[in-house]
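Trainee:
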Amino acid sequence: MRKNLNKLATLALSGMMVMSMAVPAFAFPANELTIPFTKKLYVDGETLAPQTAFDFEITPATANGKWKYQVKQGAVTKEEEVNTVPGPAGGVIVAEKATFAPTVAPNLKFKDDEENVNGKVYPYFTANAKFKIVESEFATKPYGTYEYDLVEKDSEYEGVKYSASKFKLYVMKYHMTEGGQEVDHLITKVVRVEAGNTKLTEEQKKTALGEKVSGISNNYGNPTPPPENPDTPPVTPPNDDKPNDSTHVVHIAKKIEGNGSNLSKAFKFQVSVIPASTTAVTTGEREKYAVINEGSDNVVGNHIVASAAGEELTTDNHKIVTFEAGQGKGIKITGLTKGDKVVVKEIDSDTSYTVTAGEDESNYANTGSKEAGSRINKTAIDVDNDRQLDFNVLKNEAKVVVTNTKGNITPTGIVMNVAPYALMLAVAGGLGVVFVNRKKEEE
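By the count of my numbering, the sequence shown reaches residue 1101 at its end, each step adding exactly one.
#1: Within its chain, find whatever has a CB closer than 8 angstroms to the CB of V1091; leave out the 5 residues flanking it on each side and keep chain order.
#2: Is G916 near the ligand ADP, with its Cβ less than 7 angstroms from a heavy atom?
#3: Let me make sure I understand the geometry here. Which of L827, V818, G1065, A797 has the alpha-carbon closest to that of E805?
#4: Going along the chain, which unbroken runs of the beta strand (DSSP E) with 3 or more residues stay wholly within the stretch 970-1029?
#5: Give the DSSP-derived three-state secondary structure of Q839 in the structure shown.
#6: Short check: CB of G745 to CB of A719, under 8 angstroms?
#7: Among all the DSSP beta bridges, which residues are the ones paired with D877?
#8: Name the residue from E1004, K1064, P764 whose alpha carbon lies nearest to the alpha carbon of K926.
#9: Mind reading off the beta-carbon distance from K698 to G873? Whole number of angstroms is fine, and I expect it under 8 angstroms.
#10: Between N880 and V701, which are expected to be in contact by the criterion C-beta below 8 angstroms, what is the C-beta distance as a whole number of angstroms?
#11: Over what stretch of residues does the beta strand (DSSP E) that includes Q731 continue unbroken?
#12: Hey, out of G993, E869, R850, P694, whose CA is closest to T890's CA?
#13: Rounded to the nearest angstrom, what separates I716 and A966 at their Cα positions?
#14: Is the beta carbon of V1060 closer than 8 angstroms to that of I932?
#15: Count the other CB atoms, across all protein chains shown, that sit within 10 Å of the CB of V1073; report buried if there are 16 or more and exposed otherwise.
#16: Taking 8 angstroms as the cut-off, decide whether the C-beta atoms of N737 and K755 are in contact.
#17: Quick check on the DSSP output: the beta strand (DSSP E) that includes E773 runs from which residue to which?
#18: Is it true that the CB of K819 sits closer than 8 angstroms to the CB of N876?
#19: So what does DSSP say about N1054, is it helix, strand or coil?
#20: Please state whether the Cβ-Cβ distance between K912 and A866 is less than 8 angstroms.
#21: To the nearest angstrom, how far is it from the Cα of A934 to the Cα of A1056?
#22: Give me the Cβ distance between K870 and V841, rounded to the nearest whole Å; I'm assuming they're in contact under 8 angstroms.
#23: Relative to the alpha-carbon of E915, which residue among D1044, V729, T1012, E690 has its alpha-carbon at the smallest distance?
#24: Please state the DSSP three-state secondary structure of P682.
#25: Need the endpoints of the beta strand (DSSP E) that Q928 sits in, please.
#26: What does a CB cutoff of less than 6 angstroms around T928 pick up in its chain, not counting 5 residues either side in sequence?
#27: Go ahead and label L731 buried or exposed: buried means 16 or more other beta carbons lie within 10 angstroms of its beta carbon, across all protein chains shown.
#28: Mark V1041 as exposed unless 16 or more other C-beta atoms lie within 10 angstroms of its C-beta, in which case mark it buried.
#29: For I962, which option in I989, T1009, T940, T937 has the closest C-alpha, if you only look at C-alpha atoms?
#30: Within the continuous alpha helix (DSSP H) that includes E795, where are the two ends?
#31: Check this for me: beta carbons of S1027 and N1054, under 8 angstroms apart or not?
#32: Within the continuous beta strand (DSSP E) that includes E737, where are the two ends?
#33: Where do the N-terminal and C-terminal ends of the beta strand (DSSP E) with E715 fall, by residue?
#34: Check each candidate in G986, V1058, N887 and name the one with the smallest Cα separation from K857.
#35: In terms of residues, what are the limits of the alpha helix (DSSP H) holding E860?
#36: Identify the continuous beta strand (DSSP E) that holds V939 and give its terminal residues.
As structure tokens, then:
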């Protein structure tokens, strides 16, 4: 950046960036027509990447302005400024959005990389957007510095914390003599002018504002992203002992009760997820939710593809995961947001058990937000005649237990022990009556 700014300052001081159309225009070098812009998305380390694309809005500045920057000349750093004018409408466009997609094969992928800030690890996904300078819009424009406003669009993908930061995009047009020929060039810079994270310290603001940036950061389910992140404020303040986030985990476990029950039996289930909203989901694609085994047998599938009511649900289309859970065993599903309905159905061939369900809050003081109280949308979970139930997860680390009960059986040991003797007495009594009657006949 310093090298380019020094070049820019030199050009400005030498008078080569005057507003003039006297010099004939030549085609700009191709590498100067694109502006890569990286999207970093902080996650919790057990949530798949979202199925969405991040878009941006680039509009001409509303008035002439000044871009102030620092130029280092030897050991001296000087403040410089350049006069700017609004860029031509449509002069810079979003050529490629920053597109994310979940990876489920060959293994579940929960991050692209991670960074360590003050000893704490922050996993994240990345994707690249690309801005394009429309050459025809600048070919005949005077030499100078053109100013655009740049913001991220809030596409309302559930669970994403979009940035409220504001940026300036500068396009500087100048020319140089190369090989005896006048050649037009472009220098582009993106500068953050307002931080979406209002919790920054004054020192952090100095670093975040006015400097060239090559990307923007957002949050998708990390309860406490780096506090230095200028673009997205923490969902939970640093050092808060009640962390909360926007993507959630639910544990689904089996419980077996009743003295008529086989406590070693494993019951078969299927689970699906129906999202309430598909806003900003990539066209033609579905959201995906990771499934992690917690002691179950015969788990078929490592993820669930979002489905809609009435659709065919099979393990082949990944719209369900099936598993067999014994006492205290189950699965967990990650990446859920408040609009996602989790549908659990017992499909075991043994229907002699009564099926009920409820929320297990016994360990909530040690998990998730570490607060007591329900983390799902229902105070009572109903199980229908098809042994199916559903719920939405509103807070992280919820737990739902499905209970199978076989009713009490009256002990039969005493009856079985007395019955033979009772039968013998009855037979003896009958024989006695016959004997007495015969004796009377003989008399």
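The beta carbon of each residue, even a glycine, is placed where N, CA and C say it ideally should be.
Just so you know, these numbers come straight off a predicted model, no measurement behind them.
Mentor: Judging by the given coordinates:
#1: As a position in the sequence shown, residue 1091 is number 433, starting the count at 1. Model confidence at V1091 stands at a pLDDT of 46, short of 50, so the residue's coordinates are unreliable and nothing is read from them.
#2: The ligand ADP is absent from the structure shown, which contains no ligand whatsoever.
#3: Here residue 805 refers to the residue found at position 147 when the sequence shown is read from its first residue. Closest in alpha carbon position to E805, among L827, V818, G1065, A797, is L827.
#4: Taken in chain order, the unbroken stretches of beta strand (DSSP E) that lie wholly in the stretch 970-1029 and span 3 residues or more are 979-983, 988-994, 998-1004, 1012-1017.
#5: Residue 839 sits at position 181 when you count from the first residue of the sequence shown. Collapsing the DSSP output to three states places Q839 in a strand.
#6: Working through the sequence shown from its first residue, we reach residue 745 at position 87. Working through the sequence shown from its first residue, we reach residue 719 at position 61. Between G745 and A719, the gap from beta carbon to beta carbon is short of 8 angstroms.
#7: Here residue 877 is taken as the residue at index 219 of the sequence shown, counted from 1. In the sequence as displayed, the identity of residue 877 is Asn instead of Asp. Paired residue(s): Y700, K819.
#8: Numbered from 1 along the sequence shown, position 268 holds the residue referred to as residue 926. Selected option, being the one with the closest Cα: E1004.
#9: Position 40 of the sequence shown holds residue 698. Position 215 of the sequence shown holds residue 873. About 6 angstroms separates the beta carbons of K698 and G873, which is inside the 8 angstroms limit, making them a contact pair.
#10: As a first step, residue 880 is located in the sequence shown; it is residue number 222 there, counting from the start. As a first step, residue 701 is located in the sequence shown; it is residue number 43 there, counting from the start. Rounded, the Cβ-Cβ distance is 6 angstroms, consistent with contact.
#11: Translated into positions along the sequence shown, residue 731 becomes position 73. Q731 -> beta strand (DSSP E) spans 723-731.
#12: The sequence position of residue 890 within the sequence shown is 232, counting from 1. Comparing Cα positions, the closest option is R850.
#13: Translated into the one-based positions of the sequence shown, residue 716 becomes position 58. Translated into the one-based positions of the sequence shown, residue 966 becomes position 308. Their Cα atoms are separated by approximately 36 angstroms.
#14: Start at 1 with the first residue of the sequence shown, and residue 932 comes out as number 274. Start at 1 with the first residue of the sequence shown, and residue 1060 comes out as number 402. Between I932 and V1060, the CB-CB gap reaches or exceeds 8 angstroms.
#15: Here residue 1073 refers to the residue found at position 415 of the sequence shown. With a pLDDT of 46 at V1073, under the threshold of 50, the predicted position of this residue should be treated as unreliable, and no value is reported.
#16: Here residue 737 refers to the residue found at position 79 of the sequence shown. Here residue 755 refers to the residue found at position 97 of the sequence shown. One point to set straight first is that residue 737 is Glu, not Asn, in the sequence displayed. No.
#17: Position 115 of the sequence shown holds residue 773. 771-775 is the span of the beta strand (DSSP E), which, as asked, contains E773.
#18: For the purposes of this step, residue 876 is taken as residue 218 along the sequence shown, with counting starting at 1. For the purposes of this step, residue 819 is taken as residue 161 along the sequence shown, with counting starting at 1. Yes; because the gap between Cβ atoms is below 8 angstroms, this pair is in contact.
#19: Walking along the sequence shown from the start, residue 1054 turns up at place 396. Coil.
#20: Sequence index remark: in the sequence shown, residue 912 carries index 254 (1-based). Sequence index remark: in the sequence shown, residue 866 carries index 208 (1-based). Cβ atoms of K912 and A866: not closer than 8 angstroms.
#21: Translated into the one-based positions of the sequence shown, residue 934 becomes position 276. Translated into the one-based positions of the sequence shown, residue 1056 becomes position 398. The straight-line gap separating the alpha-carbon atoms of A934 and A1056 is approximately 19 angstroms.
#22: Residue 870 sits at position 212 when you count from the first residue of the sequence shown. Residue 841 sits at position 183 when you count from the first residue of the sequence shown. With 8 angstroms as the limit, K870 and V841 do not qualify as a contact, their Cβ atoms being about 24 angstroms apart.
#23: On the sequence shown, residue 915 is found 257 positions in, with the first residue counted as 1. Minimum Cα distance to E915 is reached at T1012.
#24: As a first step, residue 682 is located in the sequence shown; it is residue number 24 there, counting from the start. Low confidence applies here, because P682 scores a pLDDT of 46, under 50, leaving its location unreliable and the question unanswered by this model.
#25: Translated into the one-based positions of the sequence shown, residue 928 becomes position 270. In the DSSP annotation of this structure, the continuous segment of the beta strand (DSSP E) that includes Q928 starts and ends at 925-933.
#26: Counting from one through the sequence shown, the residue named residue 928 turns up at place 270. Here residue 928 turns out to be Gln, not Thr, going by the sequence shown. If the five residues before and after Q928 are omitted, its C-beta is found closer than 6 angstroms to the C-beta atoms of I978, T980, K1003, I1005, all from its own chain and listed in chain order.
#27: Within the sequence shown, residue 731 is the residue found at index 73, counting from 1. According to the sequence displayed, residue 731 carries Gln and not Leu. Its Cβ having fewer than 16 others within 10 Å, Q731 is exposed.
#28: Here residue 1041 refers to the residue found at position 383 when the sequence shown is read from its first residue. Result: buried.
#29: Your numbering for residue 962 matches position 304 in the sequence shown. Distances from the alpha-carbon of I962 to those of I989, T1009, T940, T937 put I989 closest.
#30: Your numbering for residue 795 matches position 137 in the sequence shown. Counting along the chain, the alpha helix (DSSP H) containing E795 begins and ends at 793-796.
#31: Residue 1027 sits at position 369 when you count from the first residue of the sequence shown. Residue 1054 sits at position 396 when you count from the first residue of the sequence shown. Between S1027 and N1054, the C-beta gap is smaller than 8 angstroms, which places the two residues in contact.
#32: In the sequence shown, counting from the first residue as 1, residue 737 sits at position 79. Unbroken beta strand (DSSP E) run through E737: 734-744.
#33: To locate residue 715, count along the sequence shown from 1; it is residue 57. 714-718 is the extent of the beta strand (DSSP E) around E715.
#34: For this step, residue 857 is matched to residue 199 along the sequence shown. Closest by C-alpha distance to K857, out of G986, V1058, N887, is N887.
#35: As a working mapping, residue 860 is identified with position 202 in the sequence shown. Run containing E860: 860-866, per the alpha helix (DSSP H) assignment.
#36: Here the question's residue 939 lines up with position 281 in the sequence shown. Unbroken run through V939: none, as it is neither H nor E.
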